[in-house]
Every structure is written in structure tokens, then in C-alpha cells.
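J.: Quick one: structure below, then a few questions.
2 protein chains.
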Amino acid sequence: MRGVGRLCVMSQPPGPLSQLRRGHEELVLGLLRKHGPLSRGELGKRCGLSRTTLYDILADLVAAGAVVTATQQEAPRGRGRPAETLTLNPDAGQAIGIDFTRRGLHVAAVNLAHEIVGSASEPHAADLPWEGRVELAERLIGSLTGTGSGALRLGALSAIGVGVVGPVEGPEQPEDDEDPPPHPVQLLLHERFGVPVLLDNNTRLAALGEAIWGAAAGGQDVLYLRLSHGVGGGLVVGGSLHRGAYGLSGEFGHITVEPGGARCGCGGTGCLETVASIRAVLDAYRAAGGRADDVPELIKAVQSGDETALWLLDGVGARIGEVLAALCNAIGPSVIVIGGELAATGAPLLDPVERALAEHVMPVSRHRVRLRRATLGEAAGALGGIALVLHESPLLARYPAGPDLAEDPILNQTRTP
Amino acid sequence: MRGVGRLCVMSQPPGPLSQLRRGHEELVLGLLRKHGPLSRGELGKRCGLSRTTLYDILADLVAAGAVVTATQQEAPRGRGRPAETLTLNPDAGQAIGIDFTRRGLHVAAVNLAHEIVGSASEPHAADLPWEGRVELAERLIGSLTGTGSGALRLGALSAIGVGVVGPVEGPEQPEDDEDPPPHPVQLLLHERFGVPVLLDNNTRLAALGEAIWGAAAGGQDVLYLRLSHGVGGGLVVGGSLHRGAYGLSGEFGHITVEPGGARCGCGGTGCLETVASIRAVLDAYRAAGGRADDVPELIKAVQSGDETALWLLDGVGARIGEVLAALCNAIGPSVIVIGGELAATGAPLLDPVERALAEHVMPVSRHRVRLRRATLGEAAGALGGIALVLHESPLLARYPAGPDLAEDPILNQTRTP
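Protein chains in written order, with my numbering: chain R, 11 to 427; chain F, 11 to 427.
Here it is in C-alpha cells:
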């Protein structure tokens, strides 16, 4: 997993040989995960691999630090040499997720047991160059290390999963040998940490985070919609993050809802984003005579029963629900998760979403899809970065569907110096 | 693969042990496919499995008829006993696909080399019971057998893939142990042929067929829209058929395009199907003063330059294009395939689809997604049934992305007695 050669931008379907080898590695790691310490002989009996192949695989896993050897204290009776056992390295397999948003970054880390070791956030100017952002990331990561036995040890770091704003392309076809060129942040992070750096769009990663640890934990087919400064989202399809043929998927904010409507940043007109983004909602509220400079003020107005705010959110929610109904008919998710700052307006927005969804989805699907508010907050993207690493790395794969982290005390303990 | 116990309704994620075993089987079959005949020793060196495991796997594959043994004519010099080699059974691995539509059925068959051995179609009354349909299927399959060396031999049949009208549910979660109860047609076909019978929605299967052999051959992310008596479709995501969390996906015909519009058979109103189905288009044409009782007559009117027909298709195409644009933004397919009888109206319908798609899709995606007319015709569903079998069966897996069968003479040689 180490070295620039393995620094990959996106999941690459490996050749048959490396696929075979990775399958063997997963097999051995899976047995150690399940049974705990095993001798080479016991492993051999269980895995069905030849002695040569098994020893070869084990040598690599030990060299990579994924597996450690231990000598059994009590030698079996009647034998001279104590048996050596192999076990997963408890210090290995730590992974970091970093969400590089436009104006800040979020960091989270897990250990091999996939326990959250810590998380941290810090805002920055929108024009901060990548070098500065990576320095900041390094500082935040440093703040998670070195305190107590569960703390992050960078020596045990296996990989970093990174979310960035905007489209992230994969190869057009799985047969394509050419990786897309690495993103600057991948090169910078690889230079500092010397581990593979996986990268994807941060909103898509938030979808993956919610599907693994958040509001849709364990869901195999999940639609995530984020209502923030932009409107976007992501799809988890059959348990995996769906990227689309050219890295553009989950662009729910650019679905036309008002033909000939307001101009959108994407170049189109009447996109959902022109109706349901933070700015669109605040502008419409002020145009209708309301007073709010930001989402918290809008929420205060809503909570005080301001009729204009409630009427406005009712209309926005209906539009969102119509789009979600169309997508449900096409994709058939079991759970829809709504996140982003505007989701915090709660029922006055989400109830009309649910009503419009029920009205426009095929009647036969009406009681099958569940609508939920996101639970991971601003850590969703960073946790999705970790999930990306867990998906891609044979050393870390087979993460559990995981506990619901909504109540995780570490997650909610973000730092903003 | 044989026996009612393996008669499965949908793909079931197998337990770790059978998954491991299937992985070993695939490994061995893959080596024989790649290298041709190999001795047990050569296979052992290449696959990395222990002798015991390999011999065990081979015994099963030979018993299942997937692998045959042959004795090399020329013994290696200086050795007494000629080496026995193993090779894929050229007679094994034939698969049949059957598309049970409302008023007729289509049958296609392939051999292990994935060459189309034959195809046939026959209409029937809509109220023909399953027993009658299966009898008819058996007769059509019989008509494909027994002529020439490439003909279908039922003794070599590995599995049947079946398409039916309506939703086909899978397990809610991959951990669910319970298979849904088999469809009556699965029981009837299994009784007659004694092989596993896989089943899915026939429009979804047509999507898979087009993505593997048709207009989108080799495409990993494909959206298929069928404009027929109903309007539906299917999604191929990352090279696999997407089913959705509760077996309802690809229901593009029930996306609302006219809020408060005409009542739809699904129970909703203003669905795309109320605008773009055969009946909706013919009704609208006649309401506007045109004369056509069926699609061929409508096509004649279009070809003669009838202004009403052209104006009508222009409007219908625009509606379709808007829906496709929304889905492109969400899903990001590389190819959109349009099939069904109405697609045969050609440019007067497809040009406005393309214009509306370009207008409403995110500008950044505009030149990336390609719109194509389906090429497999009414055989698409049956071929998709075969593709389903090839996907699910370890004995048949790793089918090639395949040649474009649009020009295949056998495919176009359908029988209608």
C-alpha cells in the first residue's frame, strides 16, 4: 500500500494477478480477524492456500506492518521450539479522513478496530492555497496524536482519504490503464505522510459516511442530499459509492425545477440550487419582507412561528420532495438522508419534503423509502474519507456496518482555536 | 448449480465459506479459460491453492460437467504414464434467456463461448396462464436445438435467465437469509429443465442486454429507457444491473412531468407514461386531428412529413429529454439507450430528446453523455436474461464485453409461425 506508485486517485480495478493476490491477502487477514492469533500451520489448514503462497503472502503482510508475529509463552508439551503465532497488528490500520471544504477543513481518524480516535475542524479563508491547507491539516492531525493509549500514532497510519470540492474523475472505462493525474493535495499529503492518499468529491464522501456510520447506517441503497451554500449529494448503490461514468453524479442541485427560472452558477437556469441553497432561501425570505442574515437567524424566525419563513420553507420543501420522488422512481433507495445547514430548520422544511415525496413517488414505493435527517454533521465528509480508505485497502477492508456515531462524544468535540 | 436448493430468485450474497469456495472455482476456471488444457500440476503451480483444496475443487467441477479430463496422446519423454490434462467442457455452459412479455415471449440461447446459438419469438393471448407460456417456451427452445454442430443441446444447459413484467423484489438487506418465494414460472421451468432459473424484471434485463451486447456494449454506467405500451427502463451501474432497495428501480415512466396532469395506471398523475407511452402518443395524435391506429401508421405519417405528427413528437421528445437530463445529473451515465416501439419514429422524436437533454443537463456533462437508439430489438430482454445467468454463475462468469450483436444474422432471424 505504500509508495507513490500506489498513490491512487480513485479505485482502480486491478489486473487479474494483483486481484488474485489481494484476494489471498484478504483471506488471510479475514481469518486472523475472526480467529485471533493463529500459527502458520493453522492458517494453512484454514485458508486452502499452498505453503509457498501462504508464506509469501504472510511475509508481505508482516513487512507492511499489518500482521505481527508473537512467540507463544507455553510451548506445546513434548516439543522443543515454541510455536510462533501471527496476529493482526493492533497499531496498524489507522486511517485519516480529511474534508477540504471551500472555507475550512475537517479531520477524523480511526484505528484498526474502526473506533474514532478523534476529530477536529478549523475554518480558513477561501483563497488559502493548497500548501496552507495541508499545513493546517497536518496541525489538526497532530492535535489528535500522542494523548493516551487510543491516540493516533502516525507510525501506524495506513492511508488518508480526502474529500475535495467539485467533480473528481475516474477512468472512463475500467479497462483504462491510465490513472488520472493526481490532485495537488494528494501529492502534498503523500509527501508529508508517506501513505496512499485516496480522493473523491467531498459531498459524495459525506453520502458514504452517512450510509456507513450515520443516518443510513447499514443501508445498501442510499440517497444523500445536502442543502448548504450549494445543493448536491451522493448515491450509495449496493453498498458502494456511486461515482458515475465521468465523475459527475449526485448533482441533484442542478436538476431543473423551474424551466426558464433564475440563472445558476452551473450555467443552467432554474436549477434546484437556485431555489434551495442557503443564499436562495435567504434571498427569497428577505424579498418577501423577512429579516435574516444567516441560517441561525432563519431558524430563530421559524421557531418563533414567523409565517413568511414557514410559507417559504413549505414551498422549498415541496420542490425538493418532487425532485426526490423522481429520483426514487429511478433509483429506488431505501433511505434518503437530508443534510447541510438548511436541514437544521427541521420539520417546517422536512415535512413538506416528505409530503411532496409521498405525492409524487410511485404509490407502490410510498411506504418503503424512509426520509431521515443527517446525523454526522460537518464530520460526514471526513468520515466518508475514512470509509473510502476502508473500502479500498485490503488491510482495512470489511469494516463493520458500524455503530451509529450520532451520539459519539468525540465526534461532537470539534476544535476551533 | 443444480437442484431446487440452488434455484434462486435473485443474486444472494453467499456466506463467507461458499464465497471462498466460489472464488477458488472461479480461479481454476479462469486459468483453464486463459491457458487452455493444463495438467493438475500446472494448475497447482498457477493457482496457489494447496493440493487438497485444488483436487477437491476439481472433483466438483468435473462432477458438475464444467471441466473434462483428457489424456495427452504423447506422453512426456522418459515417463511411463501419459499426463492427464483438464480443460473446460466445450459442451457445457449453454444458457437460455426467456422474456415473458404480456402478449408474447422471446427466447435466446448462447453456448460457453457466448455465441448466440439461436433466438425465436411468438405472440400469445394476454390471458395465457403460466403453464401455457412455459409450454410455448419449451417448444421455442426445442426449435433451437438439434440442427448442426453449434446447435443448443439441452444436456449442456447450465441455467435459464427469465424476464417477467412488473417489480421483482430482492432481499431488503444483503444479510437477509430468506430468499423471496420463487415465482411460479421459476418452479415450472425448473421442473422441465432441471437447472437453476434466475429471474428479474424484463425491462431491467433489456437494459443489461443493451449494456453488454447492444447499443451501449461495454458501457459501465448505462441508462436504458423503453417507450412502449408502458414507459420504463433500467440502470446498469458500474457494470452491474441495479435493482434498487426494494426491486423498484428504472421506473422512469412514473416520474411526474405534468403536476396535476392525466391519471396514470400507477395511481399517480402526470407521469411521463401519460405523455410518452404508445397509447398516450396515439391518443394525442388523434385528438389533434391525426389518423393512426398503431405505431407503424404513426411512423408512416411522420415519414410523409405530417406536421401534426412532427409537432407532437417534438413536444413528447422535449419532455423525455427533460427527465433524462435530471437523471443524468443524478446518476452520470456514459450512454443513454432509447428502445421500445416508439424509438422507431427516429429523429423526429430523438432530436428533440437530445436538444432538451443538452439544455437541461449540467453544462459540464453536455458533451459527455451519448444518446443512442437500442439495437437488440425485441430480443433485448431474453439476451439480458442470458447476461443475468452469465453474471451469477461461476461456471459462466467473465463473459466478454462482447461483440455488437446489432448486425447478428441469427438475432434478426426470429420465428413467428
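Quick reminder that beta carbons are idealized off the backbone N, C-alpha and C, glycines included.
1. Tell me, to the nearest whole angstrom, how far the beta carbon of residue 152 (chain R) is from that of residue 395 (chain R); I am working on the premise that it is less than 8 angstroms.
2. Ignoring anything shorter than 4 residues, give me the alpha helix (DSSP H) runs that lie fully in the stretch 225-289 of chain R, in order along the chain.
3. What residues of chain F sit near residue 63 (chain R), judged by a beta carbon separation below 9 angstroms?
4. Whose C-alpha, out of R:54, R:283, R:322, R:329, is nearest the C-alpha of residue 299 (chain R)?
5. Assuming the contact rule is C-beta atoms closer than 8 angstroms, residue 241 (chain R) and residue 282 (chain R) should be a hit. Round their C-beta distance to whole Å, please.
6. CA-CA distance, residue 381 (chain R) and residue 266 (chain F)?
7. How many angstroms separate the CA atom of residue 254 (chain F) from the CA atom of residue 264 (chain F)?
8. Determine, using beta carbons only, whether residue 11 (chain F) comes closer than 9 angstroms to chain R.
9. Looking at residue 337 (chain F): is its Cβ nearer than 9 angstroms to the Cβ of residue 262 (chain F)?
10. In the DSSP assignment, find the beta strand (DSSP E) that holds residue 143 (chain R) and state where it starts and stops.
11. What's the call for residue 314 (chain F), buried or exposed, on a 16-neighbour Cβ count within 10 Å?
12. I need the boundaries of the alpha helix (DSSP H) containing residue 327 (chain R), first residue and last residue.
13. Please report the residue range of the beta strand (DSSP E) in which residue 221 (chain R) lies.
14. Any beta carbon from chain R within less than 9 angstroms of residue 341 (chain F)'s own beta carbon?
15. Using the C-alpha atoms, what's the distance from residue 389 (chain R) back to residue 217 (chain R)?
16. Contact criterion: CB-CB distance below 9 angstroms. Does residue 256 (chain F) meet it with respect to chain R?
17. Shorter than 9 angstroms from the beta carbon of residue 265 (chain F) to some beta carbon of chain R?
18. If you pair each beta-carbon of the stretch 282-298 of chain F with each one of the stretch 327-335 of chain F, do three or more pairs fall below 8 angstroms?
19. In chain R, which residues lie with their C-beta within 9 angstroms of the C-beta of residue 51 (chain F)?
20. Mind checking if residue 362 (chain R) is an interface residue toward chain F, Cβ cutoff 9 angstroms exclusive?
21. For a cutoff of 9 angstroms on Cβ pairs, would you count residue 184 (chain F) as touching chain R?
22. Does chain F have any CB closer than 9 angstroms to the CB of residue 245 (chain R)?
23. CB residue 53 (chain F) to CB residue 79 (chain F), shorter than 9 angstroms?
24. Is DSSP giving residue 369 (chain R) helix, strand or coil here?
25. Taking buried to mean at least 16 other C-beta atoms within 10 Å of its own C-beta, is residue 385 (chain F) buried or exposed?
26. Name the one or two DSSP bridge partners that residue 374 (chain F) has.
27. Counting Cβ pairs, one atom from each stretch, are 3 or more of them under 8 angstroms apart for the stretch 359-367 of chain R and the stretch 356-363 of chain F?
28. Only counting the same chain, and skipping five residues up and downstream in sequence, which positions put a Cβ closer than 8 angstroms to that of residue 167 (chain R)?
29. Cα separation between residue 109 (chain F) and residue 115 (chain F)?
30. Who are the near neighbours of residue 376 (chain F) in its chain, counting only those whose CB is closer than 8 angstroms to its CB and skipping five residues on each side?
31. Just verifying my parser: in three-state terms, what is the DSSP assignment at residue 358 (chain R)?
32. Inspect the beta-carbon positions of residue 172 (chain R) and residue 146 (chain R) and report whether they are closer than 9 angstroms.
33. Compare the C-alpha of residue 207 (chain R) against each of R:191, R:43, R:347, R:273 and name the closest.
34. With 9 angstroms set as the bound, which would you pick, yes or no: does the beta-carbon of residue 356 (chain F) sit closer than that to a beta-carbon of chain R?
35. Tell me whether residue 95 (chain R) sits in a helix, a strand or coil according to DSSP, three-state version.
36. For residue 335 (chain R), go through chain F and note every residue whose CB falls closer than 8 angstroms to its CB, in chain order.
T.: Put simply:
1. Contact annotation, residue 152 (chain R) with residue 395 (chain R): C-beta distance approximately 18 angstroms; criterion of less than 8 angstroms not satisfied.
2. Complete alpha helix (DSSP H) runs here, min 4: 283-286.
3. The contact set of residue 63 (chain R) on chain F, defined by CB atoms closer than 9 angstroms, consists of 57, 58, 59, 60 in chain order.
4. Considering only R:54, R:283, R:322, R:329, the residue with the shortest C-alpha distance to residue 299 (chain R) is R:322.
5. 6 angstroms between Cβ atoms; contact.
6. Take the alpha-carbon of residue 381 (chain R) and the one of residue 266 (chain F): they are about 19 angstroms apart.
7. Cα-Cα distance, rounded: 15 angstroms.
8. Confidence at residue 11 (chain F) is low in this model, with a pLDDT of 32, below 50, so its placement is unreliable and the value that follows should be read with caution. For residue 11 (chain F), the nearest beta carbon of chain R is not closer than 9 angstroms to its own beta carbon.
9. Yes.
10. Where residue 143 (chain R) is concerned, there is no enclosing beta strand (DSSP E), although the alpha helix (DSSP H) it sits in stretches over 140-154.
11. Flag for residue 314 (chain F) reads exposed.
12. Here the alpha helix (DSSP H) through residue 327 (chain R) covers 317-341.
13. Residue 221 (chain R) -> not in any beta strand (DSSP E); alpha helix (DSSP H) instead, spanning 212-222.
14. Output row for residue 341 (chain F): interface = yes.
15. About 11 angstroms.
16. Chain R, which has a Cβ nearer than 9 angstroms to the Cβ of residue 256 (chain F), makes this yes.
17. Taking Cβ atoms only, chain R reaches closer than 9 angstroms to residue 265 (chain F), which makes this a yes.
18. A contact exists between the stretch 282-298 of chain F and the stretch 327-335 of chain F.
19. Per Cβ cutoff of 9 angstroms: no residues; residue 51 (chain F) is ~12 angstroms from chain R at best.
20. No, no contact with chain F.
21. Here residue 184 (chain F) scores only 43 on pLDDT, less than 50, and its place in the model should not be relied on; the value that follows carries that caveat. Judged by the 9 angstroms Cβ criterion, residue 184 (chain F) is in contact with chain R.
22. At least one chain F Cβ lies under 9 angstroms of residue 245 (chain R).
23. In terms of Cβ geometry, residue 53 (chain F) and residue 79 (chain F) do not form a close pair [threshold 9 angstroms].
24. It is helical.
25. Residue 385 (chain F) comes out buried.
26. Paired residue(s): none; residue 374 (chain F) is not in a bridge.
27. Contact annotation: the stretch 359-367 of chain R does not touch the stretch 356-363 of chain F, with fewer than three C-beta pairs closer than 8 angstroms.
28. Apart from sequence neighbours up to five positions away, the residues of its chain that approach residue 167 (chain R) with a beta-carbon distance below 8 angstroms are 104, 105, 106, 203, 205, ordered along the chain.
29. When rounded, the distance between both Cα atoms is 5 angstroms.
30. Once the five neighbours on either side are set aside, the close Cβ partners of residue 376 (chain F) are 368.
31. Correct three-state label for residue 358 (chain R): helix.
32. Cβ distance not < 9 angstroms, so residue 172 (chain R) and residue 146 (chain R) don't count as in contact.
33. Measuring from the Cα of residue 207 (chain R), the nearest candidate turns out to be R:191.
34. Not one beta carbon of chain R lies nearer than 9 angstroms to the beta carbon of residue 356 (chain F).
35. It is a strand residue.
36. The contacting residues are 265, 266.
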